[in-house]
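A short write-up of the structure that comes next.
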């Protein structure tokens, strides 16, 4: 059964539709499927989950100018990002992009660019740095990932997405959280087979994955 569900909110299921090859041959099923990707009728903060989707569905139907993630057959679409979210993610992007003009740190990208972690895992971080050149099996898909939490994605970022980033061996993950009890920047660094977490509500976190990249946390809240 293909369906659409609002995560961490009231739940709604779409009408039953064919799956697999039958769905591609059924115009009505395809029209229903396209409607699921339009979340304009949802007025509150919610993370919509569209189940029973293929990688091809995601590539064909995911909105080009909106964030969404494809994880193991489910497409997750959050609420539209706020101006504040865009200002914070843009701040990190421009810092890293400026640094890339000075030294070779890799390719700096900003969501909704896709980070391909596997055939059935295609994520759209707010900002990430991809190793230069074609993908290699001995390299992680990104050297650094930055996620700025929003109301509809905070639990998702700290749960499912963080686990996937760790499983992919991404050297450094920055989580910008101004929704928790203490506004902070959480940095997770890969150490051996695990990760070490540091959190700063003030201070100056710096990157070991991208030498020369650092911030003063107070800059974010000014």
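In the numbering used here, the protein residues as written are 1000 to 1221.
Don't be surprised by glycine CBs; every beta carbon is placed ideally from N, CA and C.
Being a predicted model, the structure only gives us computed values, none of them experimental.
From residue i to residue j, what distance separates their C-alpha atoms?
{"i": "residue 1216", "j": "residue 1078", "result": "26 angstroms"}
{"i": "residue 1169", "j": "residue 1213", "result": "18 angstroms"}
{"i": "residue 1173", "j": "residue 1069", "result": "21 angstroms"}
{"i": "residue 1106", "j": "residue 1071", "result": "26 angstroms"}
{"i": "residue 1099", "j": "residue 1056", "result": "34 angstroms"}
{"i": "residue 1133", "j": "residue 1119", "result": "20 angstroms"}
{"i": "residue 1201", "j": "residue 1180", "result": "14 angstroms"}
{"i": "residue 1059", "j": "residue 1036", "result": "11 angstroms"}
{"i": "residue 1156", "j": "residue 1042", "result": "21 angstroms"}
{"i": "residue 1164", "j": "residue 1205", "result": "19 angstroms"}
{"i": "residue 1087", "j": "residue 1095", "result": "13 angstroms"}
{"i": "residue 1224", "j": "residue 1162", "result": "The chain is shown from 1000 up to 1221; residue 1224 falls before or after that span and cannot be answered."}
By the DSSP assignment, the beta strand (DSSP E) with residue i in it spans what residues?
{"i": "residue 1195", "result": "1193-1199"}
{"i": "residue 1070", "result": "1068-1070"}
{"i": "residue 1106", "result": "1106-1109"}
{"i": "residue 1176", "result": "1171-1176"}
{"i": "residue 1049", "result": "1046-1049"}
{"i": "residue 1120", "result": "1120-1122"}
{"i": "residue 1115", "result": "1114-1117"}
From the options, pick the residue whose C-alpha is nearest to that of residue i; which is it?
{"i": "residue 1052", "options": "1033, 1041, 1066", "result": "1033"}
{"i": "residue 1128", "options": "1097, 1219, 1044", "result": "1097"}
{"i": "residue 1089", "options": "1108, 1074, 1076", "result": "1108"}
{"i": "residue 1147", "options": "1048, 1082, 1202, 1189", "result": "1082"}
{"i": "residue 1085", "options": "1060, 1076, 1111", "result": "1111"}
{"i": "residue 1198", "options": "1183, 1162, 1054, 1211", "result": "1183"}
{"i": "residue 1178", "options": "1190, 1162, 1149", "result": "1149"}
Please check the pair residue i and residue j, which I expect to be a contact at CB under 8 angstroms, by giving their CB distance rounded to whole angstroms.
{"i": "residue 1124", "j": "residue 1114", "result": "6 angstroms"}
{"i": "residue 1175", "j": "residue 1209", "result": "Wrong, their Cβ atoms sit about 16 angstroms apart, outside the cutoff."}
{"i": "residue 1226", "j": "residue 1188", "result": "The shown model of the chain, from 1000 to 1221, leaves out residue 1226, and the question about it has no answer."}
{"i": "residue 1116", "j": "residue 1076", "result": "Incorrect: roughly 18 angstroms between the Cβ atoms, too far for contact."}
Counting along the chain, where does the alpha helix (DSSP H) carrying residue i start and finish?
{"i": "residue 1057", "result": "1054-1060"}
{"i": "residue 1075", "result": "No alpha helix (DSSP H) holds residue 1075; the beta strand (DSSP E) holding it covers 1073-1076."}
{"i": "residue 1183", "result": "Here residue 1183 belongs to no alpha helix (DSSP H); instead the beta strand (DSSP E) covers 1183-1190."}
{"i": "residue 1101", "result": "1082-1101"}
Can we say the stretch 1137-1146 touches the stretch 1057-1069, given the rule of at least three CB pairs closer than 8 angstroms? Output reads no: the stretch 1057-1069 does not touch the stretch 1137-1146.
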